[in-house]
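Numbering (the numbering used here), first residue to last: -13 to 296. The beta-carbon is built from N, C-alpha and C at its ideal position, and this holds for glycine as well. A quick note: this is a predicted structure, and the numbers were derived from the prediction, not measured. Okay, structure first, notes after.
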């Protein structure tokens, strides 16, 4: 219940903000600010309650959602996600405060920001692959409009570039996710999107998900989707434009949380669920074996040279 409240209270707040009369738009700012304090309080409570000595997923909520495809509303936290949830919740009131002087379409701005917060917190809590993808995509549209409407002089170009890059990665992720689902037979005729179950199946000898060739291709699909979000060279060119043109508060969220969603996805999905794919791209390509390390070094050097040139 704690996680569900934390995820959906900003969404409820977004609806309330939109219902505020036009002549009371200053009240919308206070409503949004107070709404963001609630997830922050719950995130602090969650962090204090979290047992770091346990390897089990905590605060688990699981219920059936779309029965036809065995999709479940499954959330929980571990040591990887609990601090990122706290960070996301902490930035909520800070960013609303930083947006206080915005006048143009303030209700829509705040509603989109609260919707973005729902997507970010939900992403870090999701333990069902379909739910994980839904929250991942839920951050795309608010960011597009927040940059494209309230950004700088080249805001439309930056927003479209951000949208197209992220959409490209999302399509590859969707294909990879469908492939995983179609090969996730728990029992004959029964498939699943449940991430902990998929992790176990991927390590089960003889199961379709454990096939190294299958894992390599699926790993690549997820990797590109998350690499765009990190971003990793050569999928990075949307970031400078988005950072420069985004409103200050949105630029803060972009740097502090949205980029970390890509890294979190790599650890949660690629590293944990696709060990054979991970092994191939770190050890299986001969002298070019550690591809991920090479990309990391290229990012460091390329970024340093770009900064030096400026």
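Bridge pairing for residue 61: 47, 112 [DSSP].
The stretch 18 to 29 makes contact with the stretch 61 to 80, as at least three CB pairs between them are under 8 Å. Our two residues, residue 186 and residue 267, have alpha carbons roughly 21 Å apart in a direct line. Remark: fewer than three beta-carbon pairs, one from each stretch, lie closer than 8 Å, so the stretch 57 to 69 and the stretch 88 to 101 are not flagged as touching. Rounded to whole angstroms, residue -1 and residue 100 show a C-alpha spacing of 7 Å. In this model, residue 221 and residue 56 are separated by some 34 Å (Cα to Cα). Within the same chain, and ignoring the five residues on either side of residue 170 in sequence, the residues whose Cβ sits closer than 7 Å to its Cβ are 177, 178, 184, 187, 195. By the CB criterion at 8 Å, residue 131 and residue 153 fall outside the cutoff.
Within its own chain, the residues whose Cβ lies closer than 7 Å to the Cβ of residue 242, once the five positions on either side in sequence are excluded, are 73, 77, listed in chain order. Taking the Cα positions, residue 296 is about 11 Å away from residue 289.
In the three-state DSSP reduction, residue 210 falls in the helix class (H, G or I).
Note on residue 125: 16 or more other CB atoms within 10 angstroms of its CB, so buried under the neighbour-count rule. Contact between the stretch 195 to 204 and the stretch 246 to 264 is present, with at least three C-beta pairs closer than 8 Å.
Listed in chain order, the non-local C-beta contacts of residue 252 below 6 Å within the same chain comprise 212, local neighbours out to five positions each way being set aside. In terms of Cβ geometry, residue 214 and residue 151 form a close pair [threshold 8 Å]. Among the bridge pairs identified by DSSP, residue 176 is matched with 173. For residue 218, the secondary structure class from DSSP, reduced to helix, strand or coil, is coil. Across the set 70, 31, 25, -13, the C-alpha of -13 shows the shortest separation from the C-alpha of residue 48. In the three-state scheme derived from DSSP, where H, G and I count as helix and E and B as strand, residue 88 is classed as coil. The alpha-carbon separation between residue -4 and residue 191 amounts to approximately 43 Å.
Residue 235 holds the alpha-carbon nearest to the alpha-carbon of residue 85 among 235, 292, 173, 291. Comparing alpha-carbon positions, the option among 246, 255, 39, 228 lying closest to residue 136 turns out to be 228. In the DSSP assignment, residue 231 falls within the alpha helix (DSSP H) that extends over 224 to 231.
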